[in-house]
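Beneath this line is the structure, given in structure tokens, with notes to follow.
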Amino acid sequence: MDYAVLGDEVEFRIGSQMDGMDIVFTEPGLERLVAQGGRAPRELRASQEHG
């Protein structure tokens, strides 16, 4: 995974140039991704402990 800052957006490249995808975030969108990304692994761990 790689990223580039393009003006007021951030573009993430996931995968290779030939077989990948780009996801573009504004700053508020990126902040939401970071917040959700922090919660997701904790929820995953909790479900594995109780599963």
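So in numbering that gives the first Met the number 0, the last one in the sequence shown is 50, and the numbering has no gaps at all. Don't be surprised by glycine CBs; every beta carbon is placed ideally from N, CA and C. Bear in mind the structure is a predicted one, so any value in this text is a computation, not a measurement.
Nearest neighbour of Ile13, chosen from Gly36, Arg41, Met0, Ala34 [CA to CA]: Locating residue 13 in the sequence shown gives position 14, counting from the first residue. Minimum Cα distance to Ile13 is reached at Met0.
Chain-order list of residues whose beta-carbon lies under 6 Å from that of Gly19 (same chain, five-residue window excluded): Taking the first residue of the sequence shown as position 1, residue 19 is located at position 20. Once the five neighbours on either side are set aside, the close Cβ partners of Gly19 are Arg12, Ile13.
Nearest-angstrom Cα separation, counted from Gln35 out to Gly6: Walking along the sequence shown from the start, residue 6 turns up at place 7. Walking along the sequence shown from the start, residue 35 turns up at place 36. For Gly6 and Gln35, the distance between alpha carbons rounds to 24 Å.
Gly37 - containing alpha helix (DSSP H), residue span: In the sequence shown, residue 37 corresponds to position 38, counting from 1. Element bounds for Gly37: 26 to 49.
Segment limits, beta strand (DSSP E) that includes Asp1: Position 2 of the sequence shown holds residue 1. Its beta strand (DSSP E) spans residues 1 to 5.
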